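J.:
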Amino acid sequence: MSTIRELLSMSVEETEKIGSIGRTSVQLAVEKIGYIFREQKERDHGIDAHVEIVKDGKATGQLIALQIKSGDSWFKEKNDKRVIFRDDNDHLDYWLNHSLPVLVVLYNPSEEVAYWQIVNDDTVIMTGKGWKLEVPFTQKLTKESKNYFEELVGKPIKTKGKYSILSLRDVSHGSVKRYSANVLVPESFTRLKIIETVQEVTNSLKNSEYYGNDLTKQRFKKQTAQAIFLFIYPTLEDVRQSNWVCKSLWIDKHLPSDLAPNPIEGKDIGNNITISWSDTYQAMQELREQYTLTKEDFLAHMEAVRNPVTTIVEGLIKLTRRYEIGELNHEAYLKEMTKAELRVTELYIQVTDIGLAPLECEELSNCFQSIMAYAHNIVLPFSKKGLKTWMENNRRYLVRKAIEDYQKKLPCLKYELEKIH
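The sequence shown: position 355 = 360 (this note's numbering), numbered continuously.
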């Protein structure tokens, strides 16, 4: 008989599995529309993902925030036309004041369909004790909603400012409640406006009730934060490259010095906030612009490497099978693999000279680099150093493992290619 602890563990695991299926399915639906899905690994307060609008094959920088709920339990209160969504007031206040349009997305695993509704003053229905949202079954997360989404990001949103908190992390340490956030601001912001934004975001996060786990929630619930780190980015490309234009640190003046985080060098902008401007931001931005390829150039360079590598690796897989069943002797196998190592290494090095992928092709680029690494691993044991380092049995194991890794990654490459076309 299962213990209560085991049953609870099974329940948590099942809930996490359903949540994961929902996020993955919503990601696929978003990418079928042609948009870019960015899961918030460090869960923002009630935000699971951002969707970037893509127009004419180009990422626009326009974002929509998603709160994703998955499972049959979210569809218990419904009729023929709609399902009712209910949540706590803390999330509602946060969503209504968010700098991005916020959509609640309900994924029904039985139907394999995701439904959505915008959260705003027009759609939220106050019930006295709480609030509810009516999610129509006609609003499916498909290409039919594309025009609405593009219209949505073009509308002015009621906000406390023109910034967006892209990610909020609970970095509490010991007895100190701390937060760290990445903040996206318009490129047009002056230094003065950025300083005002830093002050505003810092003040708003002091009373945050977001926690990374139950332990920190029990420890710091309803307490004011004592330290807040901010990293400010003018573009999503800057976020991708971790190229912040400035960072800031606020430390509660009542926090004992032995508990306070190490201070940063910079300028005091008041209220115990120090801001530090990056000396390399402009140079890094120019470097990125210089080496980032257009979509068509990146794909052309990638295909120039992918096509010959695919042919070579397919031949090496057949060659290895012949060797393992005894159709090919060791000397002949060694000769062919050594010859292939020179060509694959040449192509592998060529990948490093391709340049930076555009934002739209970032995930494709990461997948392709993994494919190339696995292809190179197939022949690496037959390099001059590899022949000296590994015995025959070790080489056979390494080759089999590299072939397995390569083949497992191929569906990823196919999927990423389909996404961007």
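Just so you know, even glycine gets a beta-carbon here, dropped at the ideal spot from N, CA and C.
If you're wondering where the values come from, they're calculated on a predicted model, not measured in any experiment.
List in chain order: all unbroken beta strand (DSSP E) runs of 3+ residues lying wholly within the stretch 147-233.
T.: Correct list: 169-175, 183-189.
J.: Would DSSP call Phe142 helix, strand or coil?
T.: Here Phe142 sits in coil by DSSP.
J.: Would you mind stating whether Leu480 and Pro239 have Cβ atoms separated by less than 8 Å?
T.: With the chain covering 6 to 426 only, the question about residue 480 has no answer from this structure.
J.: Under a Cβ-count criterion, where at least 16 other Cβ atoms within 10 Å of its own Cβ denotes burial, should His55 be classed as buried or exposed?
T.: Buried.
J.: By Cβ distance, which residues of its chain are closer than 8 Å to Gly179, with the 5 residues on each side in sequence left out?
T.: Closer than 8 Å at Cβ, skipping near neighbours: Leu264.
J.: Assuming contact is defined by CB atoms lying nearer than 8 Å, are Trp79 and Leu111 in contact in what I supplied?
T.: Yes, these two residues count as a Cβ contact at 8 Å.
J.: State the CB to CB distance for the pair Leu157 and Ile123, rounded to an integer number of angstroms; the pair is presumed to be in contact (CB under 8 Å).
T.: Right, the Cβ-Cβ distance comes to about 7 Å (below 8 Å), so this counts as a contact.
J.: Grab the span of the beta strand (DSSP E) containing Gln122 for me, first residue to last.
T.: Start and end: 118-123.
J.: Please return the same chain residues whose Cβ sits closer than 7 Å to the Cβ of Ala230, not counting the five positions on each side in sequence.
T.: Here the set comprises Lys182, Arg183, Tyr184, Leu210, Lys211, Ser213.
J.: Taking all protein chains shown into account, decide if Thr147 is buried (16 or more other Cβ within 10 angstroms of its Cβ) or exposed.
T.: Exposed, because fewer than 16 other Cβ atoms sit within 10 Å of the Cβ of Thr147.
J.: Using CA atoms only, rank isn't needed, just tell me which of Glu117, Phe90, Leu101 is closest to Pro141.
T.: Looking at the Cα atoms, Phe90 is the closest of the given residues.
J.: DSSP on Trp100, reduced to helix/strand/coil?
T.: Trp100: helix per DSSP, three-state reduction.
J.: Whole-angstrom Cβ separation of Cys372 and Lys406, contact assumed at under 8 Å?
T.: In fact, because the Cβ distance is near 19 Å, the residues do not count as touching under 8 Å.
J.: Can we say the stretch 290-310 touches the stretch 356-374, given the rule of at least three CB pairs closer than 8 Å?
T.: These segments touch.
J.: Any idea what DSSP makes of Met377, helix, strand or coil?
T.: Helix.
J.: State the Cα-Cα distance for the pair Thr202 and Asn187, rounded to the nearest angstrom.
T.: If I take the Cα positions, the gap works out to 12 Å.
J.: Using a Cβ distance threshold of 8 Å, determine whether the stretch 270-284 contacts the stretch 380-394, with at least three qualifying pairs required.
T.: No, the stretch 270-284 is not in contact with the stretch 380-394.
J.: Considering just the uninterrupted stretch of the beta strand (DSSP E) at Val59, what are its terminal residues?
T.: Looking at the DSSP string, the run of the beta strand (DSSP E) that includes Val59 is 52-60.
J.: CA-CA distance, Ser104 and Ser169?
T.: Each residue's Cα considered, the two are about 5 Å apart.
J.: Determine the burial state of Gly62: buried for a count of at least 16 other Cβ atoms within 10 Å of its Cβ, exposed for fewer.
T.: With fewer than 16 other Cβ atoms within 10 Å, it is exposed.
J.: The ligand ATP and Lys340: does the residue's C-beta get closer than 7 Å to at least one heavy atom of that ligand?
T.: Within the structure as shown, the ligand ATP is missing, as the structure has no ligands at all.
J.: For Leu197 and Pro114, I'd like the C-alpha separation in whole angstroms.
T.: Each residue's Cα considered, the two are about 48 Å apart.
J.: Under a three-way DSSP split, which group does Met307 fall into?
T.: Note: Met307 maps to helix in three-state DSSP.
J.: Should Asp284 go down as buried or exposed, given a rule of 16 or more other Cβ atoms within 10 Å for buried?
T.: Exposed.
J.: Among Asp77, Asn152, Glu82, Thr29, whose alpha-carbon lies nearest the alpha-carbon of Ala58?
T.: Sequence check: residue 58 is Ile here, not Ala. With distances taken between Cα atoms, Ile58 lies closest to Asn152.
J.: Which two residues bound the contiguous alpha helix (DSSP H) that contains Cys417?
T.: Residues 397-425.
J.: Is Val56 close to chain C? Criterion is C-beta to C-beta, closer than 8 Å.
T.: Among the protein chains of the structure shown there is no chain C, as only one such chain exists.
J.: My assumption, with CB atoms under 8 Å, is that Glu149 sits in contact with Arg87. Please give the rounded CB distance.
T.: Rounded, the Cβ-Cβ distance is 17 Å, inconsistent with contact.
J.: If distances are taken between C-alpha atoms only, which option among Val176, Asp175, Val206 comes closest to Leu189?
T.: Comparing Cα positions, the closest option is Val206.
J.: Within 8 Å, do at least three Cβ pairs link the stretch 352-365 to the stretch 295-307?
T.: The stretch 295-307 vs the stretch 352-365: in contact.
J.: Under a Cβ-count criterion, where at least 16 other Cβ atoms within 10 Å of its own Cβ denotes burial, should Gln144 be classed as buried or exposed?
T.: With 16 or more Cβ atoms within 10 Å of its Cβ, Gln144 is classed as buried.
J.: Excluding five sequence neighbours on each side, which residues of the same chain lie with their C-beta closer than 6 Å to the C-beta of Asp410?
T.: Taken in chain order, the residues that qualify are Tyr379.
J.: Output needed for Lys163: all residues of its chain with C-beta closer than 6 Å, excluding positions within five of it in sequence on either side, in chain order.
T.: Residue placement at Lys163 is flagged as unreliable, the pLDDT there being 45, under the threshold of 50; a coordinate-derived value is accordingly withheld.
J.: Do Met342 and Val314 have their CB atoms nearer than 8 Å?
T.: No, the pair does not count as a contact, with Cβ atoms beyond the cut-off.
J.: Taking only three categories from DSSP, how would you classify Asp273?
T.: Reduced to three states, the DSSP call for Asp273 is strand.
J.: Just to confirm the assignment, what range does the alpha helix (DSSP H) spanning Gly391 have?
T.: Residues 389-394.
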